[in-house]
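The next block holds one structure in the form of structure tokens; read it before the comments.
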Amino acid sequence: MLPGSTLRIVGDQRATSRVIYLNRTGALLVPGDNDSREDRSTIVSEPVFITPWDIDAEMWDDTVSCIRDMYAQFDVTITDQDPGSTPHIEAVFGGHPNDVGLPDEVAGVSPFTTDCSTVENSIVFTFTDVLPDDSQLMCEIMAQEIAHSYGLDHQLTPEDPMTYLDYDGNREFQNEMATCGEFESRDCGINGSVCRDGQNSVAVLTSRLGRRDAEDQNASPGDPTTTAEPE
Numbered sequence: 032m033l034p035g036s037t038l039r040i041v042g043d044q045r046a047t048s049r050v051i052y053l054n055r056t057g058a059l060l061v062p063g064d065n066d067s068r069e070d071r072s073t074i075v076s077e078p079v080f081i082t083p084w085d086i087d088a089e090m091w092d093d094t095v096s097c098i099r100d101m102y103a104q105f106d107v108t109i110t111d112q113d114p115g116s117t118p119h120i121e122a123v124f125g126g127h128p129n130d131v132g133l134p135d136e137v138a139g140v141s142p143f144t145t146d147c148s149t150v151e152n153s154i155v156f157t158f159t160d161v162l163p164d165d166s167q168l169m170c171e172i173m174a175q176e177i178a179h180s181y182g183l184d185h186q187l188t189p190e191d192p193m194t195y196l197d198y199d200g201n202r203e204f205q206n207e208m209a210t211c212g213e214f215e216s217r218d219c220g221i222n223g224s225v226c227r228d229g230q231n232s233v234a235v236l237t238s239r240l241g242r243r244d245a246e247d248q249n250a251s252p253g254d255p256t257t258t259a260e261p262e
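According to the working numbering, the stretch in the sequence shown is residues 32 to 262, in order.
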């Protein structure tokens, strides 16, 4: 999901926040400028506790592996250990959309900028209370929310996780130019702003994160509204 109002961050540079922290253990958040290191988020309007995602280790391992695979070609670290003061995107699995003032049908949300630039130290959400315990589904929703914080909009490519369209298969970021939109074509941007005519998911993420070389891809990594399915 792309929220109605966002923090504007200017520029199209390599992101500082190239660690993604996958958190299923709950989060106590306060309102303020986005800073995962201080548990502050523009998404919340008052202090709130996002309850943990209560699943077994196998389901969690499958979800983490899926997100690592989704981002494997990019120079980013995926971890489920809190990186502390290191700049990072925090991906929170848990809770209900009502916890942050959103309706029941919203499955995920991320801050987004008016110029599609990176929201450094962002906190993004996948609301597990309104979703089935399905590792692939959770992975695809969270992959979209994370990518929103790196400046990707929704697009009309069914096989890409940035889509709302139905797709019979596992999604991955596509290296092709696509039209932005949920169900109809529009310029890329939020609330009437336009940051680009179209987008290439792989190209945008490469510009923000850099590429991991082929040898590293084969190694074990030390690494804006989403409905109940990432259509």
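Every residue, glycine too, gets a C-beta built ideally from N, C-alpha and C.
Quick one: what's got a C-beta closer than 6 Å to THR56's C-beta in the same chain, skipping five residues either side? The residues are PRO83.
Can you tell me whether PHE124 is buried or exposed? The criterion is at least 16 other CB atoms within 10 Å of its CB, across all chains shown. Counting Cβ neighbours within 10 Å, PHE124 comes out buried, since at least 16 surround it.
Flag this pair as yes or no: are the beta carbons of ILE81 and ILE120 separated by less than 8 Å? It is not a contact, given that the beta carbons lie outside the stated cut-off.
Can you list, in chain order, the residues of its chain with a C-beta nearer than 8 Å to that of ARG242? Leave out the 5 residues immediately preceding and following it. These residues qualify, in order along the chain: GLN104, PHE105 and ASP106.
When the distance is taken between beta carbons, is ASP191 closer than 8 Å to GLN205? Judged by their CB atoms, GLN205 and ASP191 are nearer to each other than the 8 Å cut-off.
List the DSSP bridge partners of GLY229. BP columns for GLY229 point to THR210.
Compare the beta carbon distance of GLN175 and ASN201 with 8 Å and say whether it is the shorter of the two. Result no, Cβ atoms of GLN175 and ASN201 do not sit closer than 8 Å.
Taking the straight line between their C-alpha atoms, what separation do you get for GLN248 and ARG99? Note on GLN248: pLDDT 48, under 50, position unreliable in the model; the coordinate value appears next. Using only the alpha carbons, I get a separation of about 10 Å.
For the segment 133-140 and the segment 157-164, state whether three or more C-beta atom pairs, one from each stretch, are separated by less than 8 Å. Taking a contact to require three or more Cβ pairs closer than 8 Å, the segment 133-140 and the segment 157-164 qualify as touching.
Starting from the N-terminal side, write out each stretch of the beta strand (DSSP E) that is 3 residues or longer and does not extend beyond the segment 42-108. If only uninterrupted beta strand (DSSP E) runs of at least 3 residues are considered, those enclosed by the segment 42-108 are 50-54, 58-62 and 79-81.
VAL161 - DSSP class collapsed to helix/strand/coil: In the structure shown, VAL161 sits in a helix (DSSP, three-state: H, G or I).
Would you mind stating whether SER180 and VAL150 have Cβ atoms separated by less than 8 Å? Result yes, Cβ atoms of SER180 and VAL150 sit closer than 8 Å.
Curious, which full-length alpha helix (DSSP H) runs of at least 4 residues does the segment 163-201 contain? Segments of the alpha helix (DSSP H) lying fully in the segment 163-201: 166-180.
Strictly by DSSP, which residues pair up with ILE154? In the DSSP assignment, ILE154 forms a beta bridge with GLU121.
Taking the Cβ atom as the reference point for each residue, do ALA122 and ILE74 lie within a distance shorter than 8 Å? No, the Cβ-Cβ distance between ALA122 and ILE74 is not below 8 Å.
Helix, strand or coil, according to DSSP, for GLY131 in the structure here? Before going further, note that residue 131 is Val rather than Gly in the sequence given. Here VAL131 sits in helix by DSSP.
Give a yes or no on whether the C-beta atoms belonging to MET193 and SER238 are separated by under 8 Å. At the C-beta level, MET193 and SER238 stay beyond 8 Å of one another.
In chain order, what residues of the same chain have a beta carbon less than 6 Å from the beta carbon of ASP66, not counting five sequence neighbours either side? Excluding residues up to 5 positions away in sequence, ASN152 lie with their Cβ nearer than 6 Å to the Cβ of ASP66 in the same chain.
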